[in-house]
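Peer 1: Dumping the structure here so I can ask a few things about it.
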Amino acid sequence: MKFFVCCKQVPDVAMAFQIKDGELQKDDLNYVLNAYDASAVEESLVIKDAVSELDLSLVLMGAEKGKEALRKGLAMGANDAFHIEDDAFEGSDSHAAANVLEAFFKDKEYDAILCGKQSQDMDMGLTGGLLAEKLNIPYVTNAVGLEVNEEAKSILVTRQGDAGQEKVELSFPCIVSCSNDMNEPRIPSLRGIMQSKKKPMNKVSVADLGLATDAVGKSGSKSTLLSMDFPKARKAGEKFEGEASELVSTLIDKLTNEAKVL
Amino acid sequence: MSKILVIADQKDNKIKKSTFEVLSEAKKLADASGSSLEAVILGEAIAQEAKVLAHYGVSKIYTVENSMFKNYLNRPFIDGLKKVIDASSPKLVMVPTSESVKDYLPGLVGATNACGIMDCSAVSLDGGKVQIERPLMAAKAVSKMESSDDLVILSIRSGSFDAVEADTSLSCDIESVDLGTVDIKAVFKELISAQSDRVSLDDANVVIACGRGVKDKSGFELVEKLADVFGAAVGSTRALVENGIAEPSLQVGQTGKVVSPDLYIAVGISGAVQHTAGMSNSKVIVAINKDEEAPIFSLSDYGLVGDLFDIVPKLTEAVKELKAN
Amino acid sequence: MEDEKFDCIIVGGGVAGCAAAKVLADNNMKILLVEKGEWTGSKNVSGGVLYGPTPWEIFPELKNTLENPPFERFINRRRLSFMSDDSSFSIDYKSQKYDNVPYNGVSVLRSKFDRWLGEQVEESIAKSDFAEDSFVATEVMVEELIIKDGKVCGIRAGEDEFESDCVILAEGVNSLLTRSIGLQKEIVDAKYVATGIKEVWQYDQDLLEAKFQLDGLEGVSNEFVGCTKGIEGGGFLYTNKDSISLGLVLGIKDLRDSNETVYDLLDSFKDHTSIKPLLKGGKMVEYSAHVVPVGDIDMIPKQLYTDGAVVVGDAAGLVLNTGKSIEGMNLAMESGRQAALAIIEAKKKRDFSKASLKSYQDRLSESYVMKDLRNFQGAFHFIHNPDMFKKYPDLVNSIMNDVFLVDGQEKKKTRDIIKKAVDESDLSYWDLMKTSIQGGLSL
Ligand SMILES: Cc1cc2nc3c(=O)[nH]c(=O)nc-3n(C[C@H](O)[C@H](O)[C@H](O)COP(=O)(O)OP(=O)(O)OC[C@H]3O[C@@H](n4cnc5c(N)ncnc54)[C@H](O)[C@@H]3O)c2cc1C
Ligand SMILES: Cc1cc2nc3c(=O)[nH]c(=O)nc-3n(C[C@H](O)[C@H](O)[C@H](O)COP(=O)(O)OP(=O)(O)OC[C@H]3O[C@@H](n4cnc5c(N)ncnc54)[C@H](O)[C@@H]3O)c2cc1C
Ligand SMILES: Nc1ncnc2c1ncn2[C@@H]1O[C@H](COP(=O)(O)O)[C@@H](O)[C@H]1O
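If you're matching them up, the sequences are chains A, B and C in order.
Sequential numbering of the first sequence, starting at -19, is according to the working numbering.
Sequential numbering of the second sequence, starting at 239, is according to the working numbering.
Sequential numbering of the third sequence, starting at 3, is according to the working numbering.
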């Protein structure tokens, strides 16, 4: 079997960041492998451990730095990585990403492509479904569990839906967008980190994919990010300490007379 | 401006509150830009319910009825909506976010070659351009975005807009669209339903959410009792879902649901950004936590520093008493 | 299977570990740098002025980064303030002499600066013969040293064990591994450790530059005495690019003996009339606490090496507390460099025994590290005089108050002012004389 995981490198959103003149200050950010993509890698590795014949490749579209995210996935246990690298990718939205990935996958053989359900920085969650539509293959998002049936050439996906957990069977080839509720990604071992340096990291250029530079990045995007800002901060309100019964009567009083929500 | 199309979201053939929020805002936008407003609803048996959409100033309603909508799969939605979009040819499509919408919308955006933007919190029209606001970076920042594409499809974050009063005197044309045959490469196998009698998170005015602080099932039940006296929905952090104490459908946050009730009570929740990303727009936030340094206090209107096992039962009693009078 | 053995494994990716690794990689050694944090520096807290030329020598790339440096600002203005409850008296020195590379001091935010250092190590590795066989491994915690026949010969992390000719222990102040092989005392007396607390306040960069009168990359460092309610220690404030780091360093022993909490002390420091207005317009974005050696030469192990291992930086207690400032990072980097050079020599001799690695300690003794530590030992005891943290700052302020006071009364002569102030304080002239002689000799 052959799986790909689409990996994006994103700023660590748990860290403090700065916005100046409407722009995110990129210098001080710490970049990581998107947590949802890490879950997709982890799930593939679990399958790989069970099936052993699974060949797992990673693909990332992005700047030079992106190789660190790929390296992380390789250290976790993927076989090899493809780094579609070009300065022209700066400012890509999900549409542009899907275009590039479509060009990449067009002539590739695969049984499944796993994506993250969304990127932690943009929280967009478009790329996987868009890519599936372009490649004309079925997809499911928000997967919290995968079971592969190699003989039937299908995957049984458990997804978190509106009415509960839905189990959907997709035949190969297909795309599954993974939730981080699927698993806890492993932290690479020291040996894994060492091995990752020797695994193939294939560079791919926009030209290799037969794409014009204006089909990618900002000009290949359908939406433009105009500006960023901090939301109106909620002010910390009052904090009460004391006996439980006092606390409760204070709260009831506040909710009734001040906030008027009771 | 030409036309705005709202995709209605329904559950058990009843239109959800979030749809009315979106319709109300779409109507404002339509009026301000001289556009017309249309709506579409898909489901197993929604012909009756569809009429309600007219009460929000919609000039035409499309219905797509089919038994295929019984169990959710994305393909029928993509195909059905593509047909309606082809027929209506709107400039802007708006739909309230839900797990199903998050699933089918990327495919619909691809199928219609539209510009898609998910989870918007504000929308405006500027000539041929659609401008939106949406949170990002785990809702620690907001962004302004713009598209001048011919077709822009937006999903709308719940609680972003207020629903106006329905005007039941209004009515309009309803056109039924035939779904036709759908080429489905996926098979629906099973629904592991987590339905309970309690109000769902999406519709709740009050949410009582709990985190790792409740420790175990019995602590969780304390919170359920509190929710019951409030008539509230129960929410949870990822920590409790991971432990198998709370149902996955209760998870609030970046990975889970986004809620903005009138009152949100966070019980034993530390307030990690990935959690607050899903609740920071609630109108009034109360936090109960024994750690006075817990980050959740920095966005709470009222913070109770203390042991939830002491406070919650007393609060339950007090609310019960209050409601009885 | 290829030979996996490393020339050297470095435990800890702080400034000391990165400096050592850089020098080793530049000299074509096969190395493994192991850091438990998410990236080099991710766990590091410090008030942050890195003094002297050492970093510029080990990382010459630094001078090509001035457009967008990994450090925050260069320090060309230094202030020392004596605080009493309601006043403060400062000595303020600014000089253009400090405007050129290598700067006399630069302010750094460690999680950014150390990350850059780690990247530089990677670059040096990439240029070495061991591009694929040397590593910077993060998110890996070294749990144990492997010892065979009394000689350190590798590390264990989880299930993985790796061998090396020698190990550099650059693990910082909580030196578990160093203690496990007896290079550091099992229990360090509380009088040798202080607790450092720090907040980072963020500003709009223009506002910050206006507030602190900074032009371009210029920065100011300000140390404070008298702000600790008599507890041994002091305060600091450094300007970063668009933030300031401020905090207190407090002797753990004194702190324990007092009724004060760290938070209350920090709050009253921030509330002081000379600090409060500075915080206006800023936003607190980070809070952290960390232990720091107080800089007593008695705390430094007599022997910083053993068979197959050397210890550098904070793990070796190499911190200089001059009373004007803490110098830890520069000493850490210098000790890392000297350790690396000793190991390169040892590699040539193929001898990593105690006898061979002793050259590290010899080198260190020759370098400014030990010289400074010895020279300032007097200062150390001087500033550890408890009166330094309360009575003297109060005295200075009471004098200055009378000097500047205009109250419609006949002005007093300076001599009388001093006499009155000394009489009112419970310091004797003898104390004062003793202190100034001591101070003069030791500082
Ligand atoms: C990519 C990603 C996505 C994520 N998405 C989500 C998401 O959608 N939703 C989500 O919730 N999390 C999400 N997380 C996880 C999130 O980062 C936190 O780990 C999680 O929210 C913590 O849950 P908690 O507050 O219940 O637990 P903790 O952080 O452990 O907090 C428990 C709190 O309970 C308090 N407490 C303990 N005992 C008592 C007592 N007796 N009385 C009162 N208080 C008590 C403690 O003081 C503490 O503050 C995500 C993480 C990642 C990496
Ligand atoms: C509040 C405060 C203010 C200070 N101000 C200054 C100042 O202005 N100027 C100055 O020069 N110095 C200052 N110092 C001192 C300075 O921070 C230290 O001297 C310096 O950081 C020492 O560097 P190091 O590399 O030896 O140790 P550290 O910087 O502590 O690095 C040790 C590294 O080892 C890692 N590690 C530890 N154990 C393991 C393990 N088992 N496996 C893997 N990794 C491990 C840690 O994660 C860490 O990254 C200050 C200190 C404090 C606390
Ligand atoms: N630049 C990229 N390179 C590879 N995969 C990507 C890229 N951008 C997005 N993806 C994939 O698409 C998912 C959803 O991204 P998004 O639509 O940006 O929220 C991510 O989790 C990745 O799996």
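Heads up, the beta-carbon is just placed ideally off N, CA and C, and yes, glycines get one too.
1. Near Ser362 of chain B, what residues of its chain come up, given a Cβ to Cβ distance below 7 Å and the 5 sequence neighbours on each side ignored?
2. I'd like the ranges of any alpha helix (DSSP H) spanning at least 4 consecutive residues and lying wholly in the region 408 to 433 of chain C.
3. As a quick exercise: from C:Lys360, C:Asn66, C:Gln98 and C:Val195, pick the residue whose alpha carbon is nearest that of Arg80 of chain C.
4. Around the C-beta of Lys240 of chain A, are 16 or more other C-beta atoms found within 10 angstroms, so that it is buried, or is it exposed?
5. Just mark Glu4 of chain C as buried or exposed, buried being the case when its beta carbon has 16 or more other beta carbons within 10 Å.
6. Since Val550 of chain B and Leu488 of chain B are thought to touch, with beta carbons under 8 Å apart, how far apart are those beta carbons, to the nearest angstrom?
7. Give, in chain order, every unbroken run of the beta strand (DSSP E) that is at least 3 residues long and sits entirely within the region 492 to 554 of chain B.
8. Starting from the beta carbon of Ile167 of chain A, find every residue of chain C whose beta carbon is closer than 7 Å, and list them in chain order.
9. Who are the Cβ neighbours of Ile183 of chain C in its own chain at under 8 Å, not counting the five residues just before and after it?
10. When the Cα atoms are used, what is the spatial distance from Gly144 of chain A to Glu165 of chain C?
11. Under 8 Å, Cβ to Cβ, is there at least one residue of chain B near Ile232 of chain A?
12. Enumerate, from N- to C-terminal direction, the unbroken alpha helix (DSSP H) stretches of 4 or more residues contained entirely within the region 155 to 180 of chain A.
13. Do you know how far the Cα of Val227 of chain C is from the Cα of Thr56 of chain C?
14. Check whether the region 183 to 203 of chain C touches the region 211 to 227 of chain C, taking contact to mean three or more Cβ pairs, one atom from each stretch, closer than 8 Å.
15. Which whole-angstrom value describes the C-beta separation of Phe73 of chain C and Val108 of chain C, a residue pair presumed to lie in contact below a C-beta threshold of 8 Å?
16. Is Ile430 of chain B buried or exposed, if buried means 16 or more other CB atoms sit within 10 Å of its CB?
17. Can you pull the chain B neighbours of Asn122 of chain A, defined as C-beta to C-beta under 7 Å?
18. Would you say Asn52 of chain A touches ligand 2, meaning its beta carbon is less than 7 Å from a heavy atom?
19. Taking the C-alpha atoms as reference points, what is the distance between Ser520 of chain B and Pro499 of chain B?
20. Let me know if Met41 of chain A comes out buried or exposed under the rule of 16 or more other beta-carbons within 10 Å of its beta-carbon.
21. By DSSP, does Asp364 of chain B sit in helix, in strand, or in coil?
22. From Leu546 of chain B to Gly338 of chain C, what does the alpha carbon distance come to, in whole angstroms?
23. May I ask whether a heavy atom of ligand 5 can be found less than 7 Å away from the beta carbon of Ser203 of chain A?
24. Residues bridged to Ala208 of chain A by DSSP?
25. Suppose the cutoff is 6 Å on Cβ atoms and the five residues either side in sequence are ignored; what does the same chain contact list for Phe61 of chain C look like?
26. Leaving aside the five residues before and after Met143 of chain C along the sequence, list all residues of the same chain whose C-beta is less than 7 Å from its C-beta, in chain order.
27. Using a C-beta cutoff of 8 Å, does Met375 of chain B count as contacting chain A?
28. Could you tell me the alpha carbon to alpha carbon distance between Leu346 of chain B and Ala216 of chain A, rounded to whole angstroms?
29. From Ile277 of chain C to Lys178 of chain A, what distance separates their C-alpha atoms?
30. If Glu337 of chain B and Gly141 of chain A are in contact, beta carbons under 8 Å, what's the gap, nearest whole angstrom?
31. Does the beta carbon of Met162 of chain A come closer than 8 Å to any beta carbon on chain B?
32. Quick check: the Cα distance between Asn30 of chain C and Asp131 of chain C, rounded to an integer number of angstroms?
33. Whole angstroms is fine: what's the gap from Ala172 of chain C's alpha carbon to Ser385 of chain B's?
34. Please classify Arg376 of chain C as buried or exposed, where buried requires at least 16 other C-beta atoms within 10 Å of its C-beta.
35. Is it true that the region 242 to 259 of chain B meets the region 12 to 26 of chain C, where meeting means three or more beta-carbon pairs spaced less than 8 Å apart?
Peer 2: If we stick to the structure as given:
1. Gln369
2. Fully enclosed alpha helix (DSSP H) runs of 4 or longer: 416 to 426.
3. C:Gln98
4. Exposed, by the Cβ-count rule.
5. Caution is warranted here: a pLDDT of 46 is assigned to Glu4 of chain C, below 50, making its placement in the model unreliable, and the coordinate value is therefore given only provisionally. Per the 10 Å Cβ criterion, exposed.
6. Incorrect: roughly 17 Å between the Cβ atoms, too far for contact.
7. 501 to 505, 522 to 527 and 540 to 543
8. Glu141
9. Leu147, Ile149, Val154, Thr308 and Ala311
10. 52 Å
11. yes
12. 170 to 176
13. The alpha-carbon of Thr56 of chain C is positioned some 28 Å away from that of Val227 of chain C.
14. no
15. Taking a contact as a CB-CB distance under 8 Å, the pair Phe73 of chain C and Val108 of chain C counts as one, their CB atoms being some 4 Å apart.
16. Ile430 of chain B counts as exposed, since fewer than 16 other C-beta atoms from the protein chains shown sit within 10 angstroms of its C-beta.
17. Taking a Cβ-Cβ cut-off of 7 Å, the neighbours of Asn122 of chain A in chain B comprise Glu337, Lys340 and Asp341, given in sequence order.
18. The identity of residue 52 of chain A in the sequence shown is Lys, whereas the question assumes Asn. Answer for Lys52 of chain A: no, Cβ out of range of ligand 2.
19. CA-CA distance, Ser520 of chain B to Pro499 of chain B, rounds to 5 Å.
20. Classification of Met41 of chain A: buried, given that the 10 Å Cβ count is 16 or more.
21. strand
22. 50 Å
23. You won't find ligand 5 in this model; what it holds is ligand 1, ligand 2 and ligand 3.
24. Here the sequence assigns Met to residue 208 of chain A, which means Ala is not the residue at that position. Bridge partners of Met208 of chain A: B:Ser381.
25. Gln122
26. Lys38 and Ala159
27. yes
28. 41 Å
29. 53 Å
30. 5 Å
31. Output row for Met162 of chain A: interface = no.
32. 6 Å
33. 52 Å
34. exposed
35. no
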